[in-house]
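Novice: Read top to bottom, the protein sequences are chains A and B.
According to this note's numbering, the first sequence is numbered sequentially starting from 1.
According to this note's numbering, the second sequence is numbered sequentially starting from 1.
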Amino acid sequence: MSSDNRQSYLQVRNLTKKFGKFTALEDISLDIIENEFVCFLGPSGCGKTTLLRAIAGLDIQTYGSISQGGRDISLLPPSERDFGIVFQSYALFPNLTVTRNVAVGLENQSILASKIQQRVDELLKLVDLTDQKDKYPAQLSGGQQQRVALARAMATSPGLLLLDEPLSALDAKVRSHLRHEIKELQRKFAVTTIMVTHDQEEALTMADRIVVMDNGIIEQVGTPEEIYSSPKTKFVADFVGTMNFLPATVLSKNTAQVGEVVFNCNTEDFTIGSSVTIAIRPEDIDARNVNNTESNIIQIEVHHIEFLGSFCRAKLGHNDLKDLTLRADFSISITRRLSIKVGSRLKVCLPSNFLRIY
Amino acid sequence: MTNNIKNNPILKQKSSKDDLTMRVCMGIIGLFLAIAIILPLYTMFSKSLENKEGNFIGINNYIDYFSTPALFQSAYNSILISVIGTIIVLLFAFIYAYALTRTKMPFKWFFKIIAIIPLLTPSMLSGISLVYWFGNQGIAKSFLMGESIFGPIGIVMGSVYWVFPHALMIIITALSITDARLYEAATALRTSKIKTFFMVTIPNCKFGLISAGFVVFTLIFTDFGVPKVIGGSYNVLATDIYKQVIGQQNFQMGAVVAVVLLTPAIIAFSVDRFVQRKQVALLSASAVPYQPKKNKSLDLTMLIFCSFVAFLIICMIGMAQYAAIIKFWPYNLSFTLENFNFDLIEGGGWGSYFNSIKLSVYSALVGSILIFFGAYLVEKGRGFNFGRNTFHGVAMIPLAVPGMALGLAYIFFFNNPNNPLSFLYGTMGILVISTITHFYTVSHLTATTALKQMDKEFESVSASLKTPFFRSFKKITVPICMPAILDISVYLFLNAMTTVSAVIFLYSADTRLASIAVLNMDDQGELAMAAAMAMMIAYTCGGVRILYAIGTNSILVKTQRWRFK
Numbered sequence: 001m002s003s004d005n006r007q008s009y010l011q012v013r014n015l016t017k018k019f020g021k022f023t024a025l026e027d028i029s030l031d032i033i034e035n036e037f038v039c040f041l042g043p044s045g046c047g048k049t050t051l052l053r054a055i056a057g058l059d060i061q062t063y064g065s066i067s068q069g070g071r072d073i074s075l076l077p078p079s080e081r082d083f084g085i086v087f088q089s090y091a092l093f094p095n096l097t098v099t100r101n102v103a104v105g106l107e108n109q110s111i112l113a114s115k116i117q118q119r120v121d122e123l124l125k126l127v128d129l130t131d132q133k134d135k136y137p138a139q140l141s142g143g144q145q146q147r148v149a150l151a152r153a154m155a156t157s158p159g160l161l162l163l164d165e166p167l168s169a170l171d172a173k174v175r176s177h178l179r180h181e182i183k184e185l186q187r188k189f190a191v192t193t194i195m196v197t198h199d200q201e202e203a204l205t206m207a208d209r210i211v212v213m214d215n216g217i218i219e220q221v222g223t224p225e226e227i228y229s230s231p232k233t234k235f236v237a238d239f240v241g242t243m244n245f246l247p248a249t250v251l252s253k254n255t256a257q258v259g260e261v262v263f264n265c266n267t268e269d270f271t272i273g274s275s276v277t278i279a280i281r282p283e284d285i286d287a288r289n290v291n292n293t294e295s296n297i298i299q300i301e302v303h304h305i306e307f308l309g310s311f312c313r314a315k316l317g318h319n320d321l322k323d324l325t326l327r328a329d330f331s332i333s334i335t336r337r338l339s340i341k342v343g344s345r346l347k348v349c350l351p352s353n354f355l356r357i358y
Numbered sequence: 001m002t003n004n005i006k007n008n009p010i011l012k013q014k015s016s017k018d019d020l021t022m023r024v025c026m027g028i029i030g031l032f033l034a035i036a037i038i039l040p041l042y043t044m045f046s047k048s049l050e051n052k053e054g055n056f057i058g059i060n061n062y063i064d065y066f067s068t069p070a071l072f073q074s075a076y077n078s079i080l081i082s083v084i085g086t087i088i089v090l091l092f093a094f095i096y097a098y099a100l101t102r103t104k105m106p107f108k109w110f111f112k113i114i115a116i117i118p119l120l121t122p123s124m125l126s127g128i129s130l131v132y133w134f135g136n137q138g139i140a141k142s143f144l145m146g147e148s149i150f151g152p153i154g155i156v157m158g159s160v161y162w163v164f165p166h167a168l169m170i171i172i173t174a175l176s177i178t179d180a181r182l183y184e185a186a187t188a189l190r191t192s193k194i195k196t197f198f199m200v201t202i203p204n205c206k207f208g209l210i211s212a213g214f215v216v217f218t219l220i221f222t223d224f225g226v227p228k229v230i231g232g233s234y235n236v237l238a239t240d241i242y243k244q245v246i247g248q249q250n251f252q253m254g255a256v257v258a259v260v261l262l263t264p265a266i267i268a269f270s271v272d273r274f275v276q277r278k279q280v281a282l283l284s285a286s287a288v289p290y291q292p293k294k295n296k297s298l299d300l301t302m303l304i305f306c307s308f309v310a311f312l313i314i315c316m317i318g319m320a321q322y323a324a325i326i327k328f329w330p331y332n333l334s335f336t337l338e339n340f341n342f343d344l345i346e347g348g349g350w351g352s353y354f355n356s357i358k359l360s361v362y363s364a365l366v367g368s369i370l371i372f373f374g375a376y377l378v379e380k381g382r383g384f385n386f387g388r389n390t391f392h393g394v395a396m397i398p399l400a401v402p403g404m405a406l407g408l409a410y411i412f413f414f415n416n417p418n419n420p421l422s423f424l425y426g427t428m429g430i431l432v433i434s435t436i437t438h439f440y441t442v443s444h445l446t447a448t449t450a451l452k453q454m455d456k457e458f459e460s461v462s463a464s465l466k467t468p469f470f471r472s473f474k475k476i477t478v479p480i481c482m483p484a485i486l487d488i489s490v491y492l493f494l495n496a497m498t499t500v501s502a503v504i505f506l507y508s509a510d511t512r513l514a515s516i517a518v519l520n521m522d523d524q525g526e527l528a529m530a531a532a533m534a535m536m537i538a539y540t541c542g543g544v545r546i547l548y549a550i551g552t553n554s555i556l557v558k559t560q561r562w563r564f565k
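In structure tokens, the structure reads:
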């Protein structure tokens with residue numbers, strides 16, 4: 001899992017966490033590279049926050065080991081580890097000014113007061129809060145509070161930055177703006193970062209690598225592109241982005257049947273006659289070059305169409321597919337050119353290289 | 001590298017230096033609690049099973065007790081007056097609370113202030129006042145139609161007065177926790193106002209009523225001050241203990257009575273705990289607070305009722321004040337301050353007043369720091385769940401122990417020459433310890449409630465920033481929880497000034513207190529001076545309460561402006 005040219009900074013090995021009879025994390029093993037931005041992504045209850053808290057030492061694991069920067073930290077209490085953390089609630093100390101909040105970590109290291117002030121000013125400039133330095137948290141907006149929390153966490157230049165759903169408490173517009181800011185700050189600080197989120201859009205836009213989790217296990221680890229275009233399991237395919245799923249039966253080494261239709265696809269890994277699921281992204285369904293002698297062309301009828309601004313999402317049905325429907329995304333230009341509307345009948349292609357089989 | 005051996009031992013996290021320090025501190029405070037409450041109670045229990053020579057005789061003392069009609073009669077008397085008193089108080093308190101929370105009655109601020117007055121006075125004050133009103137030379141003696149005020153009537157009247165604010169506060173809280181939408185739904189379904197009252201209002205606050213009922217019952221049942229002054233020959237358990245121990249030096253029988261006294265308190269306490277747990281579920285996250293609407297006839301009726309209650313309260317304390325500043329009732333009604341010459345009388349003196357001040361200040365200062373710090377260690381400590389839960393459990397015990405039982409238990413434990421701590425007996429020290437212990441539970445709960453409201457992740461952040469716990473306690477926890485700490489201090493101060501039931505057994509010639517001086521002077525027939533001393537207590541408590549109100553408004557605003565946007 002570790003890349004050749006960059007060092008693995010954090011190693012998690014066979015980590016299991018049980019709460020009584022309930023297993024929250026099952027045999028998790030993971031490598032995180034130095035300075036990379038990793039997202040733990042998954043639905044509520046998948047264990048992503050539990051894993052983060054185990055790495056921080058706040059809720060120690062039941063079995064397994066963790067190493068950070070070559071040091072075994074598995075049994076250490078949080079105060080003896082090396083990390084900064086930002087919680088969903090920010091947990092800013094309400095009775096301290098912005099400056100005093102950011103300075104807390106530095107004051108504990110017995111540095112000269114003048115040096116502390118210097119460093120705090122530096123940090124506040126980085127997060128663009130110099131004007132707010134004497135305000136109290138109650139007087140700041142949500143986005144500003146979040147930046148204070150980040151500055152405070154980074155003040156002592158920790159080896160690891162942990163973010164527990166930092167954007168969940170903010171409204172949509174502020175969130176998308178802050179995504180960019182956090183990513184920028186992470187680059188400037190050059191710190192290894194782990195962020196927990198249930199929002200796949202956040203993960204796709206911010207992460208260098210994503211760890212997709214479900215029910216206490218890791219489903220897939222990869223770059224956003226890998227996760228999106230080559231999802232390894234049905235869960236990942238469904239959770240990240242939208243996906244069409246068609247139940248099928250394997251006919252031969254490179255064909256499978258859905259209803260009355262036979263598709264060309266790579267079914268090497270499956271035995272003939274077994275039940276599989278064919279999956280394809282809505283944007284990969286092609287309504288253009290259907291006059292070629294390509295395979296996987298079906299005749300469909302448009303049942304429903306939604307206008308989403310830059311594209312249309314159509315619900316397609318087909319006699320041969322019986323009751324199954326497909327969701328397809330067509331650009332506005334295609335929709336206009338082929339006059340696609342409710343009731344239109346046209347041919348679409350499901351290119352075999354975009355089909356995934358589970 | 002897959003290693004699926006699950007018979008590996010479960011990992012145990014290393015404790016940080018801070019974790020260990022916190023546990024040691026908790027152990028020290030726990031030791032204090034063990035010495036202050038558990039050991040004395042144990043000693044008392046075992047004494048009740050011994051005879052005068054100190055030999056173990058099983059439950060013979062208890063058999064003796066229950067087969068002696070005179071002794072057993074007191075238990076019956078106690079129950080009777082407590083039940084009657086509880087019913088009366090709940091009725092009055094409920095209507096008063098309803099008026100304050102559910103109507104648009106005017107002058108609510110006035111009625112709220114008047115309702116607190118009984119908290120600022122020792123329980124004996126109502127007894128003294130009643131003597132002046134209804135005693136042999138009482139103004140309103142004829143109202144009693146031949147009955148004597150000395151006895152059950154006086155005890156009930158006096159008890160209802162001083163217990164009233166306790167019931168009121170609990171019921172006000174219960175009435176405030178209601179979802180307005182329940183009433184809107186009832187109106188939409190065209191339910192009559194009376195039916196709504198019985199269908200929505202009463203069930204909603206039933207836990208509060210039950211809680212208040214048990215609290216009030218226990219307070220009346222275990223009170224010593226009122227029956228001592230105005231009980232006459234009507235015996236109750238609290239005065240029995242006093243007679244057995246101080247009068248007849250029969251410590252064993254005193255212990256038996258104390259254990260009997262404990263029983264309803266423990267039952268009431270357990271029921272209340274159980275009820276509290278159910279209360280939490282009533283308010284959902286999306287509930288809307290109730291806003292009372294104007295209703296001229298209801299508001300007017302409530303105004304008349306509350307004015308009547310306020311009138312009664314003012315009469316009670318007013319008579320005591322009057323009695324304190326007139327020469328000789330009822331023959332010489334000229335004003336004088338000679339009743340305040342406490343030093344002329346044996347058993348009191350100004351010294352006792354200043355002792356009370358000392359006791360109250362020490363209890364407030366030491367108590368609030370000790371209790372708050374203990375609560376912090378329990379709430380915010382990491383790991384060692386067994387220790388923290390045990391500590392919390394022990395902290396709940398004092399609430400179930402009536403003052404007289406505590407005082408008696410202290411005699412047994414601390415007055416024993418074999419006890420290395422016996423040097424404390426007869427000193428101010430033991431009075432401070434008993435006061436802090438007696439009022440430990442409510443203070444502890446106030447502290448834990450405030451601590452629970454702080455963001456749970458403060459400690460995690462402080463750990464990641466490597467802040468030692470002393471520093472985060474001093475710089476973050478204490479400033480944020482300052483209102484609660486002040487609350488606890490005032491609570492301890494007021495109770496230390498007015499309490500009598502535990503300290504009656506523990507004071508010495510040097511450490512006489514104001515409340516004890518009141519009893520002594522009453523014993524000697526110096527009723528006017530007793531009233532004067534009771535008023536001194538009232539002035540002090542009132543003054544502190546006013547200071548507190550000013551303090552929380554202006555000082556907090558100045559030094560804690562971070563609370564406000």
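Virtual Cβ for every residue (Gly too), placed ideally from N, Cα, C.
Since the structure is predicted, the reported quantities are computational estimates derived from the model, not experimental observations.
Got a sec, what are the start and stop residues for the alpha helix (DSSP H) A/H318 sits in?
Specialist: Counting from 1 along the first sequence, the entry for residue 318 of chain A is found at position 318. Run containing A/H318: none; DSSP gives neither H nor E here.
Novice: If you count every other CB in all the chains shown that lies within 10 Å of the CB of B/R190, and 16 or more means buried, which is it?
Specialist: As a position in the second sequence, residue 190 of chain B is number 190, starting the count at 1. Burial call: exposed.
Novice: Can you find a CB in chain B that lies within less than 8 Å of the CB of A/L156?
Specialist: Within the first sequence, residue 156 of chain A is the residue found at index 156, counting from 1. It is worth fixing the name first, because residue 156 of chain A is Thr in this sequence and not Leu. Cβ-Cβ to chain B under 8 Å: yes for A/T156.
Novice: At least one CB of chain A closer than 8 Å to the CB of B/F384: is that the case?
Specialist: Walking along the second sequence from the start, residue 384 of chain B turns up at place 384. No, because no Cβ of chain A sits closer than 8 Å to the Cβ of B/F384.
Novice: Would B/T467 pass as an interface residue toward chain A - the criterion being a Cβ-Cβ separation below 8 Å?
Specialist: Within the second sequence, residue 467 of chain B is the residue found at index 467, counting from 1. True, the Cβ-Cβ gap to chain A drops below 8 Å.
Novice: To the nearest angstrom, how far is it from the Cα of A/L162 to the Cα of A/N353?
Specialist: For the purposes of this step, residue 162 of chain A is identified with residue 162 of the first sequence, where counting begins at 1. For the purposes of this step, residue 353 of chain A is identified with residue 353 of the first sequence, where counting begins at 1. Taking the straight line joining both Cα atoms gives about 38 Å.
Novice: Can a CB atom of chain A be found closer than 8 Å to the CB of B/I230?
Specialist: Numbered from its first residue, the second sequence carries residue 230 of chain B at position 230. No, its Cβ sits nowhere closer than 8 Å to a Cβ of chain A.
Novice: Keeping to the same chain, check which residues put their C-beta closer than 6 Å to that of B/S141; ignore five residues upstream and five downstream.
Specialist: The residue labelled residue 141 of chain B in the question sits at position 141 within the second sequence. Per the sequence shown, residue 141 of chain B should be read as Lys rather than Ser. Excluding positions up to five away in sequence, the list reads F134.
Novice: What residue does the alpha helix (DSSP H) around B/M396 start on, and which one ends it?
Specialist: The residue labelled residue 396 of chain B in the question sits at position 396 within the second sequence. From DSSP, the alpha helix (DSSP H) with B/M396 extends over N385 to M396.
Novice: Could you say if the stretch 56 to 71 of chain B and the stretch 433 to 440 of chain B meet the contact criterion of at least three C-beta pairs nearer than 8 Å?
Specialist: Segments in contact, no.
Novice: Does any C-beta atom of chain A lie closer than 8 Å to the C-beta of B/F372?
Specialist: Counted from its first residue, the second sequence places residue 372 of chain B at position 372. No, B/F372 does not count as interfacial toward chain A.
Novice: How far does the beta strand (DSSP E) with A/T249 in it reach, from first residue to last?
Specialist: For the purposes of this step, residue 249 of chain A is taken as the residue at position 249 of the first sequence. Counting along the chain, the beta strand (DSSP E) containing A/T249 begins and ends at N244 to S252.
Novice: Within this structure, are the beta carbons of B/P122 and B/S515 separated by less than 8 Å?
Specialist: Residue 122 of chain B sits at position 122 when you count from the first residue of the second sequence. Residue 515 of chain B sits at position 515 when you count from the first residue of the second sequence. Yes, they are a contact pair.
Novice: Does any residue of chain B have a CB that is nearer than 8 Å to the CB of A/P94?
Specialist: Stepping through the first sequence from its first residue, residue 94 of chain A is reached at position 94. Interface residue, yes.
Novice: Using three-state DSSP, classify A/L75 as helix, strand or coil.
Specialist: Taking the first residue of the first sequence as position 1, residue 75 of chain A is located at position 75. Correct three-state label for A/L75: coil.
Novice: What first and last residue would you give for the beta strand (DSSP E) that runs through A/D329?
Specialist: As a first step, residue 329 of chain A must be located in the first sequence, where it is residue number 329. Where A/D329 is concerned, the enclosing beta strand (DSSP E) stretches over T325 to S331.
Novice: Starting from the N-terminal side, write out each stretch of the alpha helix (DSSP H) that is 4 residues or longer and does not extend beyond the stretch 192 to 249 of chain B.
Specialist: The stretch 192 to 249 of chain B contains these whole alpha helix (DSSP H) runs: 193 to 196, 206 to 222, 225 to 230 and 237 to 242.
Novice: For A/V102 versus A/V148, is the C-beta distance shorter than 8 Å?
Specialist: In the first sequence, counting from the first residue as 1, residue 102 of chain A sits at position 102. In the first sequence, counting from the first residue as 1, residue 148 of chain A sits at position 148. For A/V102 and A/V148, yes; Cβs fall inside 8 Å.
Novice: Specify the secondary structure class of B/M145 as computed by DSSP and reduced to three states.
Specialist: Within the second sequence, numbered from 1, the residue matching residue 145 of chain B stands at position 145. Here B/M145 sits in coil by DSSP.
Novice: Which bits of chain A does B/N341 rub up against, with CB to CB less than 7 Å?
Specialist: Taking the second sequence and counting its residues from 1, the one referred to as residue 341 of chain B is at position 341. Within chain A, no residue comes near B/N341; the closest Cβ sits about 49 Å away, beyond 7 Å.
Novice: Since B/A212 and B/I170 are thought to touch, with beta carbons under 8 Å apart, how far apart are those beta carbons, to the nearest angstrom?
Specialist: On the second sequence, residue 212 of chain B is found 212 positions in, with the first residue counted as 1. On the second sequence, residue 170 of chain B is found 170 positions in, with the first residue counted as 1. About 4 Å separates the two Cβ atoms, so the contact holds.
Novice: Just how far apart, CA to CA, sit A/S252 and A/L324?
Specialist: One-based indexing of the first sequence puts residue 252 of chain A at position 252. One-based indexing of the first sequence puts residue 324 of chain A at position 324. Between A/S252 and A/L324, the C-alpha separation is close to 22 Å.
Novice: Indicate the three-state DSSP secondary structure (helix, strand or coil) for B/T2 in the structure shown.
Specialist: Working through the second sequence from its first residue, we reach residue 2 of chain B at position 2. Below a pLDDT of 50, predicted positions are generally treated as unreliable, and B/T2, at 46, falls in that range; the measurement from the model is reported next regardless. Note: B/T2 maps to coil in three-state DSSP.
Novice: Please classify A/G20 as buried or exposed, where buried requires at least 16 other C-beta atoms within 10 Å of its C-beta.
Specialist: As a first step, residue 20 of chain A must be located in the first sequence, where it is residue number 20. Exposed.
Novice: Name the chain A residues whose beta carbon is nearer than 8 Å to that of B/F458?
Specialist: Within the second sequence, residue 458 of chain B is the residue found at index 458, counting from 1. What B/F458 touches in chain A: A91 and F93.
Novice: Is the beta carbon of B/T441 sitting closer than 8 Å to the one on B/M497?
Specialist: Position 441 of the second sequence, counting from 1, holds the residue named residue 441 of chain B. Position 497 of the second sequence, counting from 1, holds the residue named residue 497 of chain B. No, Cβ-Cβ distance for B/T441 and B/M497 is not below 8 Å.
Novice: Measure the CB-CB distance between B/G232 and B/V160 and report whether it falls below 8 Å.
Specialist: Against the second sequence, residue 232 of chain B aligns to sequence position 232. Against the second sequence, residue 160 of chain B aligns to sequence position 160. Cβ distance not < 8 Å, so B/G232 and B/V160 don't count as in contact.
Novice: So B/G374 packs on B/H444, CB below 8 Å; how close in whole Å?
Specialist: On the second sequence, position 374 is the one that residue 374 of chain B refers to. On the second sequence, position 444 is the one that residue 444 of chain B refers to. Yes, they are in contact, since the Cβ atoms of B/G374 and B/H444 sit about 7 Å apart, within 8 Å.
Novice: Given that a residue counts as buried once 16 or more other Cβ atoms are within 10 Å of its Cβ, and exposed if not, what is A/K341?
Specialist: Here residue 341 of chain A refers to the residue found at position 341 when the first sequence is read from its first residue. It is exposed - the Cβ of A/K341 has fewer than 16 other Cβ atoms within 10 Å.
Novice: Verify the CB distance criterion: does A/E219 have a CB-CB separation below 8 Å to chain B?
Specialist: Mapped onto the first sequence, residue 219 of chain A falls at position 219. Not closer than 8 Å to any Cβ of chain B, the Cβ of A/E219 fails to qualify, so no.
Novice: With distance defined between alpha-carbon atoms, name the residue in B/C205, B/I153, B/G151 and B/L337 nearest to B/T173.
Specialist: In the second sequence, counting from the first residue as 1, residue 173 of chain B sits at position 173. Considering only alpha carbons, the answer is B/C205.
Novice: According to DSSP, is A/S2 helix, strand or coil?
Specialist: Working through the first sequence from its first residue, we reach residue 2 of chain A at position 2. Confidence in A/S2 is poor, its pLDDT being 45 and thus under 50, which makes the residue's placement too unreliable to answer from.
Novice: Please state the DSSP three-state secondary structure of B/G54.
Specialist: For the purposes of this step, residue 54 of chain B is identified with residue 54 of the second sequence, where counting begins at 1. Reduced to three states, the DSSP call for B/G54 is coil.
Novice: Does A/P247 pass the burial test, meaning 16 or more other C-beta atoms within 10 Å, or should it be called exposed?
Specialist: As a working mapping, residue 247 of chain A is identified with position 247 in the first sequence. When all chains shown are included, A/P247 counts as exposed.
Novice: Kindly indicate the opening and closing residues of the beta strand (DSSP E) around A/G64.
Specialist: Within the first sequence, residue 64 of chain A is the residue found at index 64, counting from 1. Taken as a continuous stretch (DSSP letters only), the beta strand (DSSP E) holding A/G64 covers Y63 to Q68.
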